[in-house]
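What follows is a single structure, written as structure tokens, with notes after it.
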């Protein structure tokens, strides 16, 4: 499927306007070409895209409109527009890498583009599909109740002491969580097994399918408090009136609320990881009338200026030479090495295994 989609994309590029040619053109040439094209519309799940589109227009003189839209709605929109031959969406930033690959790239409804001018600062793992930012999700505790994180190992969350005291979004309603399970099983299972042995002094029973699967089953069976939002998970952990100790899984964006009385702290040093990242994938709609403007917008998001609005929420640029601002409230920039990093190049495997991980969670979850 993947090879066929690449062929389809190559054909679409060959038949697209001449502006598609020469991806290695200098950025100034790209800017000049973009200025000759119609305005673009960009969809993203964060409201920051509105500010980013305005900044793009000011910088380059190329009109762009940013629209906040959840990933499922954006996916459906692009698919319908492609099927109808009426392209209105030019660029999509999707916080659902597996769906972006399976439903847009592998169908030819969208294309991937990587700015070769940035090859020295973007790892190959982030290029196909193009990951713009990595959004950290971290294990948290209340700094009002503890001087430091009360756990040192992820396996502790499966123990009786933490029964009904782990707050997180429901994996059945949050695809990125089951994608994370699959990514750990693929790329981090040895670390999960080592963490088990470090905690209990003996290896994990080899009858388990994987260390990750064993942990997921045990966590689900320990009756975690499941929420429908990051905000509710954060409040369960660190609201100003919280007297009970919880461990929570939240995005670093929630640390903004510490300025309003929340007491979130990151579980620094947690074995094997204090959290994980999830990508936002940047794609260009096949058939856009503004291919150069679309490319330029992706390039802009990969600059320090372009990503700044999202960096304030702790979202990490995939460019190695762009650091988070000192004002970012969680401090995750200094702890990046302790994050399990998502691999976009295996996203299709996450898509193919979502249902299996959802079923594993559902079968083992206890209230």
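In mature numbering (1 follows the signal peptide of the UniProt record, and there is no 0), the protein residues as written are -21 to -1, 1 to 346.
For glycine and all other residues, C-beta sits at the position ideal for the given N, C-alpha and C.
All values reported here derive from a predicted model rather than from experimental measurement.
Asked: Compute the beta-carbon to beta-carbon distance between residue 260 and residue 110, rounded to the nearest angstrom, for a pair I have assumed lies under 8 angstroms.; Found: 6 angstroms
Asked: Hey, residue 73 and residue 53 are a contact pair by Cβ (cut 8 angstroms); roughly how many whole angstroms apart?; Found: 6 angstroms
Asked: Let me check one thing: in DSSP terms, what residues is residue 285 bridge-paired to?; Found: DSSP, once it has assigned bridges, lists no residue as partnering residue 285.
Asked: Beta strand (DSSP E) containing residue 195: first to last residue?; Found: Segment 190 to 200 is the alpha helix (DSSP H) holding residue 195; no beta strand (DSSP E) there.
Asked: Determine the burial state of residue 186: buried for a count of at least 16 other Cβ atoms within 10 Å of its Cβ, exposed for fewer.; Found: exposed
Asked: Of the residues 62, 184, 70, 39, which one's Cα is nearest the Cα of residue 47?; Found: 70
Asked: Would you say the beta carbon of residue 124 comes nearer than 7 angstroms to a heavy atom of the ligand NAD?; Found: Summarising the ligand content, the structure contains no ligands, and the ligand NAD is consequently not present.
Asked: When the Cα of residue 239 is compared with those of 308, 87, 112, which residue comes out closest?; Found: 308
Asked: Consult DSSP for residue 3 and reduce its assignment to one of helix, strand or coil.; Found: Note on residue 3: pLDDT 43, under 50, position unreliable in the model; the coordinate value appears next. Reduced to three states, the DSSP call for residue 3 is coil.
Asked: Strictly by DSSP, which residues pair up with residue 47?; Found: 23
Asked: Could you name the residues of the same chain whose beta carbon sits closer than 7 angstroms to that of residue 174, not counting the 5 residues immediately before and after it, in chain order?; Found: 132, 133, 134, 250, 251
Asked: Please return the same chain residues whose Cβ sits closer than 8 angstroms to the Cβ of residue 179, not counting the five positions on each side in sequence.; Found: 134
Asked: Please tell me whether residue 336 and residue 145 are closer than 8 angstroms, where the distance is taken between their beta carbons.; Found: no
Asked: Under three-state DSSP, which class holds residue 66?; Found: coil
Asked: Quick one: residues in its chain with C-beta nearer than 7 angstroms to the C-beta of residue 228, no 5 flanking neighbours on either side, listed in chain order?; Found: 116, 118, 147, 212
Asked: Would you check if there are 3 or more beta carbon pairs closer than 8 angstroms linking the region 297 to 305 to the region 55 to 63?; Found: no
Asked: Check whether the Cβ of residue 164 lies closer than 8 angstroms to any Cβ atom in chain E.; Found: The structure shown contains no chain E; it holds only a single protein chain.
Asked: Can you tell me the Cα-Cα spacing of residue 241 and residue 88, whole angstroms?; Found: 43 angstroms
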